[in-house]
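Novice:
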DNA sequence: ACCCGCCACTGACACTTGTCAATACATAAA
DNA sequence: TTTATGTATTGACAAGTGTCAGTGGCGGGT
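Protein chains in written order, with UniProt numbering: chain A, 1 to 318; chain B, 1 to 318.
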C-alpha cells in the first residue's frame with residue numbers, strides 16, 4: 001500500500017486529530033482526507049463524528065454576537081441584565097433540551113480556573129449539566145450544591161444536578177449534606193450549627209457564579225413534584241402572592257421574597273445571599289412561565305439570562 | 001405570507017444568528033431552517049457562511065487534544081516544550097498559510113485580557129497575523145513590535161505584522177519607532193537613550209507573550225531579503241557558525257547567540273530578553289528549516305511550538 | 001486449533017450542502 | 001419619472017456528506 005504523501009497515523013487518536021485538522025482547518029473534503037489518510041471516506045466520517053463528540057472539535061456560537069440581536073438587547077435594557085442569550089424558537093423541538101444546550105454554552109463561555117460554581121436544581125438546570133462540555137480542561141473548579149437535598153422526584157434533584165455538572169467539567173463536587181426541608185426551624189438551626197454544614201455554607205457564600213432556573217407555581221409545576229413543600233404549603237405561598245420559585249424560595253410578582261413559617265425550615269441559599277453572587281445565570285423559558293420569569297428578572301436575581309425567542313417576546317410584550 | 005411557527009427576524013444580523021443556532025446547536029438541516037425563516041435554502045447557506053466568516057460561529061480544534069498526538073508528545077519530550085501543535089502534512093497545500101492558521105489558533109487560545117503580546121516578523125508570523133480572529137473581543141490587549149523597522153521587503157515587515165495582528169484582535173498597537181539596523185553602535189546607543197524609545201523598550205520588557213518564526217540562512221532565506229543585514233554580513237555570521245535567525249538575531253547549531261559588530265548595531269529585543277518572556281510561541285516548518293528549527297528549540301527559545309508533521313518527524317529523526 | 005464476539009472499517013445509496021448565473025429589490029443619481 | 005448600480009436572494013445542478021447493513025481482522029475463551 002502506497003503512502004499518499006502523508007505519514008500514516010500510528011495511533012487511533014492521532015487519526016481523529018489529523019482528520020479534524022484537515023477537515024475543519026484546511027477545509028479539505030472528506031474524500032481528499034480519505035485519500036490522504038488511506039482509509040475509506042466512511043471512516044473519515046466516523047473520525048469526524050468522534051472528534052466532535054469527544055470535544056476535539058468544538059463549534060462555538062458567539063454569545064457575544066447573539067447578545068446583539070434585537071430581543072436580547074431589549075431584554076437587557078428592560079431588566080438591566082449584563083447579558084442575554086435568546087435562541088430561536090422552533091415550535092416543535094424540546095425546549096428544555098434546547099435551553100439546556102444554550103445555558104451550557106453560556107456557562108462554558110464564562111467559567112474560568114478557580115471558579116466556585118453554585119448549582120440549583122430543576123429540569124432546566126439538569127439539562128444544562130447534561131450538555132455542558134469544556135473545550136479544554138480547567139483546573140481548580142468547584143461545583144457546590146446550594147440547596148438541601150430533596151426526597152421527591154429524583155430525576156432532577158439537587159444532588160444529581162451538582163454531581164452531573166461537576167463530572168462533565170472535571171470539577172470538585174460538593175454536595176450539601178442535609179435535607180432541603182426540616183420539620184422545625186429549631187432543628188434547622190441546630191443542623192446548620194454543625195461544623196460540617198458551617199463549612200459547606202462558607203463555600204456556598206464564596207461561590208462566584210451560580211446557575212439556576214425558574215419554577216412557576218401552577219398545578220403541574222416542578223416545585224409541586226419536588227417534595228420540598230406540601231401542596232397546602234405551596235397554596236399558602238400562592239395566597240401570599242407567590243408567582244415563582246427560585247432555588248426553593250418563593251417570590252411575588254415584583255420579585256420580593258414571600259416568607260413564612262415553611263421558609264424558615266428550608267436549608268439552602270437565601271435570596272439575599274443569591275443576589276450577592278457576582279455572576280448569576282438564569283435559564284428559563286416556556287409559555288407557562290412568563291409571569292414567574294418576569295418576577296425573577298424584576299427582582300434582579302439574574303445577571304445573565306438565557307431563553308428562547310417566544311418567551312423573550314412575551315416577556316417584552318407586557 | 002404566513003408566519004411559519006417562528007417570529008420573523010426583523011434585522012439582518014438577527015437572521016444570521018438564528019440560522020447559526022438552528023444549524024449548529026439544533027442540528028437542523030438547511031432546508032428546515034429555510035422553512036422556519038421563510039427564505040430559500042441558498043440564503044441559509046449564505047447566512048451560515050456569513051456567520052462563520054464574521055466569527056459568530058467559530059470552529060475550534062482543541063490544541064489540548066492535538067498536543068496528545070505521538071509526534072507532539074515526542075517533540076515536547078525532546079525539547080522540553082510546554083506545548084506542541086503538529087498539524088498534518090498535505091504535501092500540496094501552502095505550508096506557510098496552514099502553519100499561520102495553526103499558530104493563530106494557538107495564540108487565540110492563549111490570549112487573555114490585559115496581555116502584552118510581542119510580535120516578531122517574517123512570512124509565517126505575518127500569516128498568523130492575517131488569519132487570527134478572537135471568538136469574543138478581549139479588553140486591554142497590547143501588541144508590541146519587538147524589533148526595529150526594516151527598509152527591505154515590505155511584505156512581511158515588522159510594522160505590518162504588528163499592525164495587522166493588532167487590528168485583527170482589537171489590540172492597542174505599539175510600533176517601534178526606529179530602524180532595525182543603524183550604521184554605528186554609538187548612534188544606536190544614542191537613539192535608545194531617547195525617552196520615546198526607552199518607553200517602548202519598557203513595554204517590550206513587559207510582554208508576557210511573544211510570537212516569532214525561525215529563519216534559515218540559506219541563499220533564498222527571508223533574512224537575506226529583509227535588508228537587516230548585507231549578504232556579506234550574513235556570510236560572516238554563517239562563518240561563525242550561525243544556522244538560524246530569530247527576531248533578527250543569529251544563533252548557532254546549539255542555539256547559542258552568534259554575536260558580532262553588526263549585532264551591536266541592531267535595534268530590537270535581545271535573545272536574553274526573549275527568553276525572559278513567560279510565553280514564547282514559535283511557528284515554523286519546512287524541509288529547508290530543519291537545522292534552523294532544531295537550533296531554536298535546543299536553545300530553549302520557545303515554550304510553545306507549532307509545526308507540521310513532516311517537519312516534526314524530521315526534527316525527531318536526527 | 002477453533003469459534004465467538006467485538007469493533008474498526010467499507011461500499012453504495014439517499015440525502016444534504018455548496019455553487020453560480022440569473023433575478024428581484026433597494027437606493028441614488030439623472 | 002427613468003436609469004444605473006450594488007446587494008440580497010433564488011432555482012437548479014453538481015458536489016459533498018451521513019447512513020447502515022455487511023465485511024474483515026483480532027483477541028479471549030474453550
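For every residue, glycine included, the Cβ atom is placed at its ideal position computed from N, Cα and C.
With a threshold of 8 angstroms between beta carbons, is residue 59(B) in contact with chain A?
Specialist: Position 59 of the second chain, counting from 1, holds the residue named residue 59(B). Yes, residue 59(B) counts as interfacial toward chain A.
Novice: Considering Cα atoms alone, identify which of 84(A), 192(A), 252(A) is closest to residue 265(A).
Specialist: The sequence position of residue 265(A) within the first chain is 265, counting from 1. Of the listed residues, the one whose Cα sits closest to residue 265(A) is 192(A).
Novice: Determine the chain A residues that contact residue 157(B) at a beta-carbon separation under 8 angstroms, and present them in chain order.
Specialist: The residue given as residue 157(B) occupies position 157 in the second chain. In chain order: nothing, as chain A lies at least about 27 angstroms away.
Novice: Can you look up residue 107(A) in the DSSP assignment and give me helix, strand or coil?
Specialist: For the purposes of this step, residue 107(A) is identified with residue 107 of the first chain, where counting begins at 1. In this structure, residue 107(A) counts as helix in the three-state DSSP scheme.
Novice: Give the range of the alpha helix (DSSP H) segment to which residue 312(A) is assigned.
Specialist: Counting from 1 along the first chain, the entry for residue 312(A) is found at position 312. Run containing residue 312(A): 309-317, per the alpha helix (DSSP H) assignment.
Novice: Taking just the CA atoms, how far does residue 291(A) sit from residue 309(A)?
Specialist: As a first step, residue 309(A) is located in the first chain; it is residue number 309 there, counting from the start. As a first step, residue 291(A) is located in the first chain; it is residue number 291 there, counting from the start. Using only the alpha carbons, I get a separation of about 16 angstroms.
Novice: Which partner residues does residue 179(A) have in the DSSP bridge list?
Specialist: As a position in the first chain, residue 179(A) is number 179, starting the count at 1. 149(A).
Novice: With a CB to CB cut of under 8 angstroms and the five nearest residues on each side skipped, what residues in its chain are close to residue 317(B)?
Specialist: Looking up residue 317(B) in the second chain gives position 317. Around residue 317(B): no qualifying Cβ.
Novice: Less than 8 angstroms between the CB atoms is what I'm expecting for residue 207(B) and residue 118(B), so what's the real figure, rounded?
Specialist: Numbered from 1 along the second chain, position 207 holds the residue referred to as residue 207(B). Numbered from 1 along the second chain, position 118 holds the residue referred to as residue 118(B). Sure, about 4 angstroms apart at Cβ, within 8 angstroms.
Novice: Could you check what DSSP says for residue 288(B) in three-state terms: helix, strand or coil?
Specialist: Translated into positions along the second chain, residue 288(B) becomes position 288. Reduced to three states, the DSSP call for residue 288(B) is helix.
Novice: How many angstroms separate the CA atom of residue 53(A) from the CA atom of residue 167(B)?
Specialist: Along the first chain, one-based indexing puts residue 53(A) at 53. Along the second chain, one-based indexing puts residue 167(B) at 167. About 34 angstroms.
Novice: Kindly indicate which residue of 61(A), 111(A), 65(A), 92(A) has the alpha-carbon position closest to the one of residue 102(A).
Specialist: In the first chain, residue 102(A) corresponds to position 102, counting from 1. Minimum Cα distance to residue 102(A) is reached at 61(A).
Novice: Going along chain B, which residues have a C-beta under 8 angstroms from residue 103(A)?
Specialist: Position 103 of the first chain, counted from the start, is the residue given in the question as residue 103(A). Residues of chain B passing the Cβ test: none, with the nearest at roughly 11 angstroms.
Novice: Count the other CB atoms within 10 Å of the CB of residue 287(A); is the residue buried (16 or more) or exposed (fewer)?
Specialist: On the first chain, residue 287(A) is found 287 positions in, with the first residue counted as 1. Residue 287(A) should be labelled exposed.
Novice: Give the residues of chain A in contact with residue 17(B), contact being defined as C-beta atoms less than 7 angstroms apart.
Specialist: Numbered from its first residue, the second chain carries residue 17(B) at position 17. 65, 66, 69, listed in chain order.
Novice: Using the beta-carbon count (16 or more within 10 Å), is residue 240(B) buried or exposed?
Specialist: On the second chain, residue 240(B) is found 240 positions in, with the first residue counted as 1. Counting Cβ neighbours within 10 Å, residue 240(B) comes out exposed, since fewer than 16 surround it.
Novice: How is the alpha helix (DSSP H) around residue 71(B) delimited, first residue to last?
Specialist: Residue 71(B) sits at position 71 when you count from the first residue of the second chain. Counting along the chain, the alpha helix (DSSP H) containing residue 71(B) begins and ends at 70-79.
Novice: Any contact of the stretch 266-276 of chain A with the stretch 242-250 of chain A, i.e. 3+ C-beta pairs under 8 angstroms?
Specialist: Output reads yes: the stretch 242-250 of chain A touches the stretch 266-276 of chain A.
Novice: To the nearest angstrom, report how far apart residue 100(A) and residue 218(A) are at their CA atoms.
Specialist: Working through the first chain from its first residue, we reach residue 100(A) at position 100. Working through the first chain from its first residue, we reach residue 218(A) at position 218. The straight-line gap from Cα to Cα measures roughly 22 angstroms.
Novice: Return the Cβ separation of residue 299(B) and residue 255(B) in integer angstroms, given the expectation that the two are a contact with Cβ distance under 8 angstroms.
Specialist: Along the second chain, one-based indexing puts residue 299(B) at 299. Along the second chain, one-based indexing puts residue 255(B) at 255. Their Cβ separation, rounded to whole angstroms, is 2 angstroms, which keeps residue 299(B) and residue 255(B) in contact under 8 angstroms.
Novice: So with Cβ pairs under 8 angstroms, would you call residue 25(B) a contact of chain A?
Specialist: To locate residue 25(B), count along the second chain from 1; it is residue 25. Closer than 8 angstroms to some Cβ of chain A, the Cβ of residue 25(B) qualifies, so yes.
Novice: Contact criterion: CB-CB distance below 8 angstroms. Does residue 132(B) meet it with respect to chain A?
Specialist: Locating residue 132(B) in the second chain gives position 132, counting from the first residue. It does not: the Cβ of residue 132(B) has no partner Cβ on chain A nearer than 8 angstroms.
Novice: Can you tell me where the beta strand (DSSP E) with residue 172(B) in it begins and where it stops?
Specialist: Stepping through the second chain from its first residue, residue 172(B) is reached at position 172. Segment 172-174, the beta strand (DSSP E) holding residue 172(B).
Novice: The ligand FAD and residue 207(B): does the residue's C-beta get closer than 7 angstroms to at least one heavy atom of that ligand?
Specialist: Absent from the structure shown: the ligand FAD. Ligands present: none.
Novice: In three-state terms, what does DSSP make of residue 83(B)?
Specialist: Indexing the second chain from 1 puts residue 83(B) at position 83. Strand, per DSSP.
Novice: If residue 48(A) sits next to residue 19(A), beta carbons under 8 angstroms apart, how far is it from one beta carbon to the other, in whole angstroms?
Specialist: The residue you call residue 48(A) lines up with position 48 of the first chain. The residue you call residue 19(A) lines up with position 19 of the first chain. Residue 48(A) to residue 19(A), Cβ: 6 angstroms. Contact.
Novice: Do residue 165(A) and residue 129(A) have their CB atoms nearer than 8 angstroms?
Specialist: The residue given as residue 165(A) occupies position 165 in the first chain. The residue given as residue 129(A) occupies position 129 in the first chain. A contact, by the Cβ cut-off of 8 angstroms.
Novice: Would you identify the three-state DSSP class for residue 230(B), choosing helix, strand or coil?
Specialist: By one-based count along the second chain, residue 230(B) stands at place 230. Of the three classes helix, strand and coil, the one that applies to residue 230(B) here is coil, per DSSP.
Novice: Is there contact here, the stretch 103-111 of chain B with the stretch 179-190 of chain B, by at least three beta-carbon pairs under 8 angstroms?
Specialist: In short, these stretches do not touch, since the Cβ pair count stays below three.
Novice: Where does residue 6(A) sit, in a helix, a strand or coil, going by DSSP?
Specialist: Locating residue 6(A) in the first chain gives position 6, counting from the first residue. Per-residue confidence for residue 6(A) stands at a pLDDT of 35, beneath the threshold of 50, marking its modelled position as unreliable; the derived number appears in the next sentence. Residue state, collapsed to three classes: coil.
Novice: Would residue 113(B) pass as an interface residue toward chain A - the criterion being a Cβ-Cβ separation below 8 angstroms?
Specialist: Counting from one through the second chain, the residue named residue 113(B) turns up at place 113. No, because no Cβ of chain A sits closer than 8 angstroms to the Cβ of residue 113(B).
Novice: Measuring CA to CA, which of 78(A), 16(A), 33(A) is closest to residue 315(A)?
Specialist: The count along the first chain starts at 1 and reaches residue 315(A) at position 315. Closest option to residue 315(A), Cα to Cα, is 78(A).
Novice: Indicate the three-state DSSP secondary structure (helix, strand or coil) for residue 142(A) in the structure shown.
Specialist: Indexing the first chain from 1 puts residue 142(A) at position 142. Note: residue 142(A) maps to strand in three-state DSSP.
Novice: With 8 angstroms as the threshold, decide whether the Cβ of residue 50(B) is near any Cβ in chain A.
Specialist: Within the second chain, numbered from 1, the residue matching residue 50(B) stands at position 50. By this cut-off, residue 50(B) is not an interface position.
Novice: Return helix, strand or coil for residue 242(B), following the three-state DSSP convention.
Specialist: Here residue 242(B) refers to the residue found at position 242 of the second chain. Residue 242(B) falls in the strand class under three-state DSSP.
Novice: Who does residue 282(B) pair with in a DSSP beta bridge?
Specialist: By 1-based counting over the second chain, the position of residue 282(B) is 282. DSSP lists 212(B), 305(B) as partners of residue 282(B).
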